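Here our numbering is used: the first residue of the sequence shown is 6, the next is one more, and so on. Just so you know, even glycine gets a beta-carbon here, dropped at the ideal spot from N, CA and C. Since the structure is predicted, the reported quantities are computational estimates derived from the model, not experimental observations. Everything on this sheet refers to the single structure shown next.
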Amino acid sequence: MGSPMYSFHNQNNILYLKLFFILLFMGCIPDRTTNLPSNQLLATPTISPPSLNLTSALETLSLDGYFTFKNNHHAAKDFGNTFQSLPLAVLHPKSVSDISSTIKLIFELGSASEVTVAARGHGHSLQGQAQAQGGLVINMESLKAQQMQVHIGEQPYVDVSGGELWINILHETLKHGLSPKSWTDYLHLTVGGTLSYAGISGQAFRHGPQINNVYQLEVVTGQGEVITCSENNSPDLFYGVLGGLGQFGIITQARISLEPAPKMVKWIRVLYSDFSSFSKDQEFLISSENSFDYIEGFVIINRTGLLNNWRSSFNPKDPMQASKFNSDGRTLYCLEMAKHFNPNETDVMDQRTESLLLLLHYIPSTLFLSEVSYVEFLDRVHLSELKLRTKGLWEVPHPWMNLLIPKSKIHDFADEIFGNILTDNINGPILMYPVNKTMWNNNTSLVTPDEDVFYLVAFLSSAVPSSKGTDGLDQILIQNRRILEYCDRAQLGIKQYLPYYRTQQEWKAHFGPRWQAFIQRKSSYDPLAILAPGQRIFQKAIPIL
6 MGSPMYSFHN
16 QNNILYLKLF
26 FILLFMGCIP
36 DRTTNLPSNQ
46 LLATPTISPP
56 SLNLTSALET
66 LSLDGYFTFK
76 NNHHAAKDFG
86 NTFQSLPLAV
96 LHPKSVSDIS
106 STIKLIFELG
116 SASEVTVAAR
126 GHGHSLQGQA
136 QAQGGLVINM
146 ESLKAQQMQV
156 HIGEQPYVDV
166 SGGELWINIL
176 HETLKHGLSP
186 KSWTDYLHLT
196 VGGTLSYAGI
206 SGQAFRHGPQ
216 INNVYQLEVV
226 TGQGEVITCS
236 ENNSPDLFYG
246 VLGGLGQFGI
256 ITQARISLEP
266 APKMVKWIRV
276 LYSDFSSFSK
286 DQEFLISSEN
296 SFDYIEGFVI
306 INRTGLLNNW
316 RSSFNPKDPM
326 QASKFNSDGR
336 TLYCLEMAKH
346 FNPNETDVMD
356 QRTESLLLLL
366 HYIPSTLFLS
376 EVSYVEFLDR
386 VHLSELKLRT
396 KGLWEVPHPW
406 MNLLIPKSKI
416 HDFADEIFGN
426 ILTDNINGPI
436 LMYPVNKTMW
446 NNNTSLVTPD
456 EDVFYLVAFL
466 SSAVPSSKGT
476 DGLDQILIQN
486 RRILEYCDRA
496 QLGIKQYLPY
506 YRTQQEWKAH
516 FGPRWQAFIQ
526 RKSSYDPLAI
536 LAPGQRIFQK
546 AIPIL
């Protein structure tokens, strides 16, 4: 996994001496300070030196990869497609030392430079979190060429690059009959990206999020140090980086826990007209020992021909009754479940599935089933992506909002949101399903509601162009703001997942009593606030002594 510290090239040390004279010149410019929450952490930087000086310095670095200084507009965009910040340069690393050397250089510039660094995976941030205005963006996918190493034993695992896509990890581990335990719904994301947040999907009630299924990390800190960490080795950094929004280091390698992989999946959908029955059944399933392997749900508002659309992927249990079902003008709740099995276990799997379904309270005519391969099930969202791309509907604004709602408040939330605020169909799904906090490690940086069970509610709207020439972006943003205002007014105790705030005071409220530990970790591992400026938590700065 690499040594704890990286010894830099002599050539780079000479470069730092050259930069010292630049710093002497810039040192006559007085510092600007700002009102930050801790008098021991950060102050804003001085005016940055001309980008020409930095460009020359970067070009002098001895790298296995390379920088690009032109045609970097792709690094100024992301999946959210609502923020655009053009970097000065993009690093395409071929080794961990490329990343370490670059960050070390920026750190050595100290307060004379406002240049920041953002790690960019597959570009699926929503609000510019992986962008760096006038700074450096690291293209982490360039690092993924490293060979994946699958280790078989009582506790199997795979060592992967932080820039590797989860879909590639799935294919590689399946060659050994293994796979990771916890997933996201979309697999074309990088390891470093999802581990910097949490990585949540329908398996989280059983295995916890992806950050719960990591044995070890290799991290490059904001000082350019390369540190291998785990729960026993540098645990403060290990747990800080997991769910840490990229604030304490860049994940360059990860050791992911594996389990035996099934070959097939029984995929099931049912509908509810009553939210109380829907949530009660979900909570029952996630607390049952012999439950499904995947449990999610979503809300459907005034969707025409819903069950007919399902027929392309599912078969109705009762075709005659399903054909009579009318979804027009209704708010419905879909429970989606999956049971893993191997071909020689079909009969046992069918019996277990039937026994579980008998305990649920869904509308009988809406039971739809399908049997697909394990890969097809896990990669299901990618098929939708390909269809949207052919229609030119993928690269549109995605002002998504993800909330974590305490179980005790979910009925109040549903009554207001689906009864008053969202009363018509929206351009995108609304996910809603509960998870057990007992399966989550409280040592990580991820912040969740203060209850044992809470719901993930994801509003995945897309601003699709209409016949009137408008894309509906403003309307979606207004809806999102109304939802957040209600949550605040009703004091529901929610937390944002994939959080986005504009002020440090909002971030302070988000972390609550864990804020002090968060800024202490920032002071330890990225004291100049070089990393992940797009999160808008800290400004580039120097330590205040």
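Item: Backbone CA spacing between Leu408 and Ile205 [nearest angstrom]; Value: 12 Å
Item: For Leu194 and Gly126, believed in contact at Cβ under 8 Å, the rounded distance; Value: 7 Å
Item: Sequence-distant residues of the same chain with beta carbon closer than 8 Å to Val101, five excluded per side; Value: Gly7, Tyr11, Leu148, Glu223, Val225, Val231, Thr257 and Gln258
Item: For Glu64, three-class secondary structure by DSSP; Value: helix
Item: Where His129 falls, given that 16 or more other Cβ within 10 Å makes a residue buried; Value: buried
Item: Nearest residue (CA-CA) to Asn307, options Ser278, His403 and Ser292; Value: Ser278
Item: Alpha-carbon spacing of Leu179 relative to Ala266, whole angstroms; Value: 7 Å
Item: Backbone secondary structure at Ile483 - three-state DSSP; Value: helix
Item: Inter-stretch contact at 8 Å, needing at least 3 Cβ pairs: the region 359–373 / the region 282–290; Value: yes
Item: Buried versus exposed, by CB contacts within 10 Å (16 or more), Leu503; Value: buried
Item: Ala209, DSSP secondary structure in three states; Value: helix
Item: For Met444, three-class secondary structure by DSSP; Value: helix
Item: Asn391 - partner residues in DSSP beta bridges; Value: Rather than Asn, the amino acid found at residue 391 in this sequence is Leu. For Leu391, which the question treats as bridged, DSSP gives no partner whatsoever.
Item: Close Cβ partners of Gln326 (< 8 Å) along its chain, the five nearest in sequence each way excluded; Value: Pro369 and Ser370
Item: At least 3 beta-carbon pairs within less than 8 Å: the region 524–538 vs the region 427–441; Value: no
Item: Beta-carbon gap between Leu436 and Leu461 smaller than 8 Å; Value: yes
Item: Pro214 (DSSP reduced to helix, strand or coil); Value: coil
Item: Any 3 or more C-beta pairs closer than 8 Å across the region 449–463 and the region 244–254; Value: yes
Item: Helix, strand or coil at Tyr244 according to DSSP, with G and I counted as helix; Value: helix
Item: Separation of Gly229 from Pro532, as counted between CA atoms; Value: 11 Å
Item: Span of the alpha helix (DSSP H), counted from its first residue to its last, around Gln326; Value: Pro324 to Lys329
Item: Proximal residues to Lys322 (C-beta, below 6 Å), its chain only, five neighbours per side dropped; Value: Leu372
Item: Coil, strand or helix - Lys186 by DSSP; Value: coil
Item: Straight-line gap, Tyr202 to Val275 (C-alpha atoms, nearest Å); Value: 30 Å
Item: Exposure label - Gly213; buried when at least 16 CB within 10 Å; Value: buried
Item: Sequence-distant residues of the same chain with beta carbon closer than 7 Å to Trp399, five excluded per side; Value: Glu390 and Leu393
Item: DSSP-derived helix/strand/coil call for Asn173; Value: helix
Item: As assigned by DSSP and simplified to three states, the class of Arg125; Value: strand
Item: At least 3 beta-carbon pairs within less than 8 Å: the region 74–82 vs the region 108–122; Value: no
Item: Beta-carbon proximity of Lys442 to Phe418, cut-off 8 Å; Value: no
Item: Cβ contact (3+ pairs, closer than 8 Å) linking the region 154–161 and the region 131–144; Value: no
Item: Exposure label - Gln540; buried when at least 16 CB within 10 Å; Value: buried
Item: Presumed contact (8 Å Cβ cut-off) between Pro402 and Thr87, rounded CB distance; Value: 5 Å
Item: Nearest to Tyr438 (by Cα), restricted to the options Gly498, Asp420, Ile422 and Lys412; Value: Lys412
Item: Under 8 Å between C-beta atoms of Met444 and Glu376; Value: no
Item: Closer than 8 Å to chain D by CB, Ser102; Value: Included in the structure is just one protein chain, with no chain D present.
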